[in-house]
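Shown next, in structure tokens, is the structure this report addresses.
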Amino acid sequence: MLIDFHTHTDASDGELSPEALLARAVEAGIETFAITDHDTIAGYLRARSRCPQGLALVPGVELSCVWGGTTIHVVGLDFDPEAPAIQSMLTLLGSARQERAVKIAQRLSSRNMPGALEGAQKIAGTSQIGRPHFAKWMAAQGHVADVGAAFDKYLGQGKPGDVKTFWPALGDAVRAITDSGGIAVLAHPLKYKLTRMKLNALCQDFSDSGGRGLEVVNGRQTGDEAVRLRQVAQRFGFWVSLGSDFHRDWQHGPALGVDIAEGGGLPSVWEQVSQ
Ligand code: AMP
Ligand code: MN
Ligand code: MN
Ligand code: MN
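Dropping the structure here:
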């Protein structure tokens, strides 16, 4: 059985419309699916009324937050999209993204790249603006060879365009989800490049805040990583979650859908979501 609890549409930094993504999910044979755009549920809301029969669409989002100076992503699943707690968090995150965009543009401007805010905003259109829109603009302007180079040189972790101070704290992001009746899942735990001790501390704080799930498969990762993450899930009593983190078709990118066998038979979020 295939599921996918981590995907993006063009409401954030994905390339497909919600409708096109749903069609692809059906084509792939996925049974339970979540659209988890960065800090917006606009794609989900659009998809909700257009979901084909046979595909169970779970409300989803990927919230940005900060823990110990590191930007962390928390996937929210199966919450009430109309609940005040998630609504006010999304409003806050929308403003945070706008403020951050201004700051990123200032930093790029001081590095001989003027006009970044207007440029990135134009590419983002009505989507939730993010670093990928800046990266696309920088590549289009010829400031860098491609999007990858934009992240390597200017936007990636620790680089000038990596502005983290605007995000809410981890606990606030988790509570916005749980107070809305949802399940909070720690997204791609190995992407933060934390030491073993720090990852344990993050998991403990996440759990203490009400986090219940751990993403043990995120896109293309090695089997060893899934084994390690399933051990972490067991140690903390987290339900396992699986997602492709699909953004677009790309030969090196992940395909949509993950086999639930990747959960290793452990207690899982897909057994918890209400259908
Ligand atoms: P933001 O949420 O605006 O901070 O942007 C983060 C997003 O940028 C991630 O969700 C990825 O989709 C994308 N991203 C991060 N690192 C890279 C990279 N090295 N190359 C391309 N895209 C990246
Ligand atoms: Mn993304
Ligand atoms: Mn993420
Ligand atoms: Mn993601």
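Add 8 to a position in the sequence shown, counting from 1, and you land on the number used in the working numbering.
For glycine and all other residues, C-beta sits at the position ideal for the given N, C-alpha and C.
Close to ligand 4, as judged by a C-beta nearer than 7 Å to any of its heavy atoms, are the residues 14, 16, 44, 46, 70, 81, 195, 253, in chain order. In the structure shown, residue 19 adopts coil according to DSSP, grouped into three states. Between residue 163 and residue 181, the gap from beta carbon to beta carbon reaches 7 Å or more.
At least one heavy atom of ligand 1 is found less than 6 Å from the C-beta of residue 140. Contact between residue 223 and residue 265 does not hold, since their C-beta atoms are separated by about 15 Å, which reaches or exceeds 8 Å.
The Cβ atoms of residue 53 and residue 66 lie no closer than 7 Å to each other. The Cβ atoms of residue 255 and residue 16 sit closer than 7 Å to each other. Non-local beta-carbon contacts of residue 173 in its own chain, meaning distances under 8 Å to residues more than five positions away in sequence, involve 74 in chain order. Here the segment 79 to 97 lies against the segment 184 to 194, with 3 or more beta-carbon pairs under 8 Å apart. Annotation: the continuous beta strand (DSSP E) that includes residue 72 extends over 68 to 75. Annotated as proximal: residue 18 and residue 135, with beta-carbon spacing under 7 Å. Counting only runs of at least 4 residues, the segment 213 to 263 fully encloses the following alpha helix (DSSP H) elements, listed from N- to C-terminal order: 231 to 244.
Distance from the CA of residue 234 to the CA of residue 123, rounded to the nearest whole angstrom, comes to 42 Å. Residue 270 sits in a helix when the DSSP states are folded into three classes. A contact between stretches requires three or more CB pairs, one per stretch, nearer than 8 Å, and the segment 109 to 125 meets this requirement with the segment 139 to 156.
The Cβ-Cβ distance between residue 238 and residue 262 does not fall below 7 Å. Residues 137 of the same chain have their beta carbon placed closer than 8 Å to that of residue 106, with the five preceding and five following residues left out of the count.
When DSSP reads this structure, residue 10 sits in a beta bridge with 38, 267. Secondary structure of residue 193 (DSSP, three-state): strand. At least 7 Å separates the beta-carbon of residue 281 from that of residue 192. In this structure, residue 112 places its C-beta atom within 7 Å of the C-beta atom of residue 171.
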